[in-house]
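Just so we're aligned, residue 9 is where the sequence shown starts under the numbering used here, counting upward by one. No residue lacks a Cβ here, since even glycine has one placed at the ideal position from N, Cα and C. Read the structure below first, then the notes.
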Amino acid sequence: MILSASNIAWAPEERLAAYDLMAEAGLQGLEIAPGLLFDAAEDPFLPDAATARVALDEIASRGLSLVSMQSLLFGVQGAALFGDAVARAAFTRGMTRAITLAGRFSIPNLVFGSPYQRRIPEGMSEREARAQAITIFHHIGDLAAAAGTVISIETIPVVYGANFLTTLEETEAFVAQVDHPAVTLILDLGAMHLNGDFDALPARVGALTPQLTHVHVSEPYLAPAPDDATDLTPVVSALRLAGYRRAVSIEMKRPEGGLEVLRGRLAALADAVAA
């Protein structure tokens, strides 16, 4: 598996120091929110060639590679998976924009979270919403496959404002219903904690792995992660036993302690894997 971290854990001006810490801890992958990687660009999903080259060189010089992208609908106005025709078109354009950037930089995984852009509106049934989402994701799955990437669907608990695919079971079933090779599953450990399912996770990993293309090592509300390496070790062991070979990525918001806190969390991830 590829050990990774998301750039939402540091400020853009801290990126080089963060990359150095990742390299020192033995990480190989970087997950990006384009709005942070290309924060100075007029449109972070359309960075010019020179800006992109500088950013990619900085990453490669630390022995890191891009493994995933998140915050896919950053800056997109009026997008809604279950909105009217205009809102659905904005949603599809925003997702297409992210897919195009992933293809440009050979990023193999896109994380679809976006709790507010996927809320089922009052008056729409769960059955109608699911059918509509399957159609849209089959379409953007085709676009993702053509770009050489996949869209991994994230479980978003109710406490984060979501009302569609709020449990791992629902998300797993939806991915199976879409039945597209470029529409996959992400395992978010923070969601498992919030939903009270974390302790049962190691026993479930084997069945999940065929659909799984990304793992977020996270805590509730994006607190510093992993909080406890010993809790993470059984999950990592189950992933390894199941033959999972893709990214296991720290996802946490920038902590008050900044890079020193990040240093400790990177070490905790490395310790969990070593154990």
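Own chain, CB closer than 7 Å to Leu202, minus 5 neighbours either side, in chain order = For Leu202, where only same-chain residues beyond five positions count, the Cβ hits under 7 Å are Pro165, Val167 and Pro228.
Entirely enclosed alpha helix (DSSP H) segments - the stretch 209-278, minimum 4 residues = Counting only runs that start and end inside the stretch 209-278, the alpha helix (DSSP H) elements of at least 4 residues fall at 209-216 and 237-249.
Opposite Phe120 in the DSSP bridges: which residues?
-> Under DSSP, Phe120 shares a beta bridge with Ile161.
Would you call the stretch 215-223 and the stretch 266-276 touching, i.e. three or more CB-CB distances under 8 Å?
-> The stretch 215-223 and the stretch 266-276 do not touch, with fewer than 3 CB-CB distances between them shorter than 8 Å.
What residues in its chain sit with their C-beta under 6 Å from that of Asp47, if we drop five residues either side in the sequence?
-> If you ignore the 5 residues before and after Asp47, its C-beta comes within less than 6 Å of the C-beta of Pro20, all in its own chain and listed in chain order.
For Val244, count neighbouring Cβ atoms within 10 angstroms of its own Cβ and tell me buried if that reaches 16, exposed if not.
-> The residue is buried, with at least 16 neighbouring Cβ atoms inside 10 Å.
Range of the contiguous beta strand (DSSP E) that encloses Ala13 = For Ala13, the enclosing beta strand (DSSP E) covers residues Ile10 to Ser14.
Cβ atoms of Thr192 and Val158: under 8 Å apart, would you say?
-> Yes; because the gap between Cβ atoms is below 8 Å, this pair is in contact.
Check the DSSP bridge columns for Asp196 and list the partner residues they point to.
-> Within the DSSP bridge table, the entry for Asp196 names His224 as partners.
Burial state of Ala208, where buried means 16 or more other Cβ atoms lie within 10 Å = With fewer than 16 other Cβ atoms within 10 Å, it is exposed.
In terms of residues, what are the limits of the alpha helix (DSSP H) holding Val62?
-> That run of the alpha helix (DSSP H) goes Ala57 to Ala68.
Same chain, Cβ closer than 6 Å to Met260, five either side skipped, listed in chain order | Take Met260, set aside five residues on each side of it, and the residues of its chain with a beta-carbon closer than 6 Å to its own are Ala17, Leu230, Pro232 and Ala233, in chain order.
Short check: CB of Gly37 to CB of Leu54, under 8 Å?
-> Remark: C-beta atoms of Gly37 and Leu54 do not approach each other more closely than 8 Å.
Looking only at DSSP bridge pairs, what is Ser76 linked to?
-> Secondary-structure assignment with DSSP links Ser76 through a beta bridge to Glu39.
CB-CB under 6 Å to Phe82, same chain, minus the five flanking residues each way: which ones, in chain order?
-> Only residues of its own chain outside the window of five on either side were considered, and among them Gly43 have a CB closer than 6 Å to the CB of Phe82, listed in chain order.
Do Ala68 and Gly86 have their C-beta atoms closer together than 8 Å?
-> For Ala68 and Gly86, no; Cβs fall outside 8 Å.
Taking only the alpha-carbon atoms, compute the straight-line gap between Tyr252 and Thr241 and give it to the nearest angstrom.
-> Those two C-alpha atoms are separated by around 14 Å.
Which whole runs of the beta strand (DSSP E) in the stretch 90-146 are 3 residues long or more, in chain order?
-> Every unbroken stretch of the beta strand (DSSP E) spanning 3 or more residues and falling wholly within the stretch 90-146 is given here in chain order: 117-120.
Length of the line joining the Cα atoms of Ile148 and Tyr27 | Distance between the alpha carbons of Ile148 and Tyr27: 32 Å.
Arg138: which of Phe182, Asp65 and Arg105 sits nearest, CA to CA?
-> Considering only alpha carbons, the answer is Phe182.
DSSP-derived helix/strand/coil call for Val191 | Shown here, Val191 sits in a strand according to DSSP, grouped into three states.
Assumed close pair Leu270, Leu29 - CB separation to whole angstroms, cut-off 8 Å | Yes, they are in contact, since the Cβ atoms of Leu270 and Leu29 sit about 6 Å apart, within 8 Å.
For the alpha helix (DSSP H) holding Tyr27, just list the boundary residues, first then last.
-> Unbroken alpha helix (DSSP H) run through Tyr27: Arg23 to Ala33.
Length of the line joining the Cα atoms of Gly111 and Ala282 = Rounded to whole angstroms, Gly111 to Ala282 spans 33 Å at the Cα level.
What residue does the alpha helix (DSSP H) around Leu176 start on, and which one ends it?
-> First-last of the alpha helix (DSSP H) with Leu176: Leu176 to Val186.
Could you check the C-alpha separation between Val256 and Asn171 for me, to the nearest Å?
-> Taking the straight line joining both Cα atoms gives about 26 Å.
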